Structures are given as C-alpha cells and as structure tokens.
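J.:
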Amino acid sequence: MSLDYNFVELDKAVHDRAVFDCGEVELNTFIKTQAARHMEVGISRTMVLPASVTPNGGKYSICAFYTIAPSSILRETLPAAIAKKLPHYPVPVFLLAQMAVHTECQGQGLGKVTLIKALEYLWEINAYMRAVAVIVDCLNTRAEQFYAKYGFEVLCHHNGRTRMFISMKTVAQLFS
Ligand SMILES: CC(C)(COP(=O)(O)OP(=O)(O)OC[C@H]1O[C@@H](n2cnc3c(N)ncnc32)[C@H](O)[C@@H]1OP(=O)(O)O)[C@@H](O)C(=O)NCCC(=O)NCCS
C-alpha cells in the first residue's frame with residue numbers, strides 16, 4: 078500500500094472496512110461493524126488513514142485507524158501527584174478507545190505515527206474542552222509494551238484490561 082499521513086473521518090461510502098486486518102479479531106470487527114454506527118449515535122469518532130490509491134476505482138483501503146471518545150475517571154485511580162489537585166468527583170479524560178495498523182503496514186513506523194496523530198488531535202480538542210489525561214485500555218501485554226514505549230503508564234485494571242494513561246501536561250510538551 079502507498080501512504081500519505083492524512084487521517085480523515087471514517088466514511089463507509091469511501092473507505093473499505095471489509096478488508097481491514099490488523100491481526101486482532103476484536104479490532105477488525107470493530108472497524109467493520111461498529112465504528113461507523115458508534116459515530117452515528119455519538120459514542121466515538123474514528124479517524125482512518127486511507128491508502129493513497131484505490132484499486133480499480135473501488136473504495137480506499139484503510140492502512141490504520143484510531144478511535145477516540147470522551148470519558149471520565151475517579152481521581153482516586155490517578156497517581157497522587159496528579160490527583161491531589163483534582164476534585165472528588167469524576168474528572169474528564171480522553172479515551173483512546175481503539176488503535177490499529179493493517180498487517181501489511183505494520184513494522185514500518187505507522188503505529189507510532191498513528192499514536193502521535195491521535196494525541197495531536199486530542200491536544201487540539203483540549204484547547205476547547207479540557208481533560209486531565211489520555212487513557213487506553215490495552216488489549217494484551219504487547220499493546221501495553223507499545224504504549225509504555227511512548228510514555229503511557231499503568232493506571233489500574235479495568236474490565237479485565239490494563240488501563241494506561243498519559244497526562245495532558247505530557248501531551249502538551251509534545252505539541253506546544
Ligand atoms: C500495536 C500496533 C498498532 C503497532 O503498529 P506498528 O506499525 O507495527 O508499530 P511501529 O512500526 O510504529 O513500531 C513503533 C515501535 O513500537 C514497537 N512495537 C511495535 N509493535 C509492538 C508491540 N506489539 N509491542 C511492543 N513494541 C511494539 C516497534 O518495535 C517500534 O519500536 P522502535 O521504534 O524502537 O523500533 C500494531 O501492531 C497493531 O495494530 N496491532 C494490533 C492491534 C493492537 O494491538 N492495537 C492496540 C490495542 S490497545
């Protein structure tokens with residue numbers, strides 16, 4: 078697949094969800110059957126990186142995608158240094174709900190690019206609607222290792238997943 082790095086909102090009329098394969102059934106199913114519906118009902122937003130050429134005039138293949146949603150977290154689950162300045166009711170965070178790279182594109186730095194694009198997008202949103210951190214619920218230990226590489230720290234266990242976070246202050250250092 079040939080690439081540019083312009084992520085756009087998922088459009089099922091334009092993007093070929095059916096052939097996306099990142100090697101994880103849960104994420105493949107999400108992009109194929111749930112991502113567009115979740116956008117329609119206002120649960121989350123999915124941004125995709127389309128291939129720059131269409132095969133025989135068809136839909137664009139999806140090289141990578143990320144899905145974001147607003148969420149909240151109890152201050153007690155955050156590290157003391159962050160928690161001590163926060164109120165005793167749930168505080169806003171951004172949830173990086175899904176992120177995946179097509180198997181054909183893995184191992185070429187696109188996972189890193191996708192994560193940076195997601196954080197950059199959330200940083201832009203933060204200018205209008207504040208959050209204290211970005212959280213992610215890791216599918217497996219390999220995902221944990223991937224996010225740890227980019228500064229995410231383990232927060233707690235949530236619904237059988239390891240929840241990791243990166244503070245918005247750290248994200249700010251990347252983009253401001
Ligand atoms: C995890 C995933 C997004 C990584 O994408 P990728 O394009 O292969 O990653 P990159 O090529 O950008 O790799 C960036 C760095 O992370 C490392 N890395 C990649 N996958 C990793 C993994 N699973 N575990 C640990 N480190 C990983 C690479 O070695 C590389 O490090 P380097 O820069 O020091 O060489 C991709 O493998 C994927 O889509 N997996 C299936 C879906 C998934 O698990 N998503 C996360 C759900 S929470």
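Residue numbers for the sequence shown follow the numbering used here, so the first one is 78 and each next one is one higher.
By construction, the Cβ of each residue, glycine as well, lies at the ideal position given by its N, Cα and C atoms.
Note that the structure is predicted; figures quoted are calculated from it, not measured.
If you check the beta carbons only, do GLN175 and PHE107 fall under 7 Å apart?
T.: Cβ distance < 7 Å, so GLN175 and PHE107 count as in contact.
J.: Taking only heavy atoms of ligand 1 into account, decide whether any of them is closer than 6 Å to the Cβ of GLU230.
T.: No; taking the cut-off as 6 Å, the Cβ of GLU230 has no heavy atom of ligand 1 nearer than that.
J.: Answer yes or no: do PHE242 and LEU251 have a C-beta to C-beta separation smaller than 7 Å?
T.: Their beta carbons are not under 7 Å apart, which means PHE242 does not touch LEU251 by this criterion.
J.: Taking C-alpha atoms, which residue in THR239, GLU117, ILE212 lies nearest to VAL168?
T.: Selected option, being the one with the closest Cα: ILE212.
J.: Enumerate in chain order the residues of its own chain whose CB-to-CB distance from SER79 is below 8 Å, with the five nearest sequence positions on each side excluded.
T.: Model confidence at SER79 stands at a pLDDT of 42, short of 50, so the residue's coordinates are unreliable and nothing is read from them.
J.: Would you kindly work out how many angstroms separate the C-alpha atoms of SER121 and LEU192, rounded to a whole number?
T.: Approximately 17 Å, taken between the alpha carbons.
J.: Tell me the rounded alpha-carbon separation between HIS235 and HIS92.
T.: Approximately 32 Å, taken between the alpha carbons.
J.: Rank VAL248, SER244, SER253 by C-alpha distance to the C-alpha of ALA158 and give the top, closest one.
T.: Looking at the Cα atoms, SER244 is the closest of the given residues.
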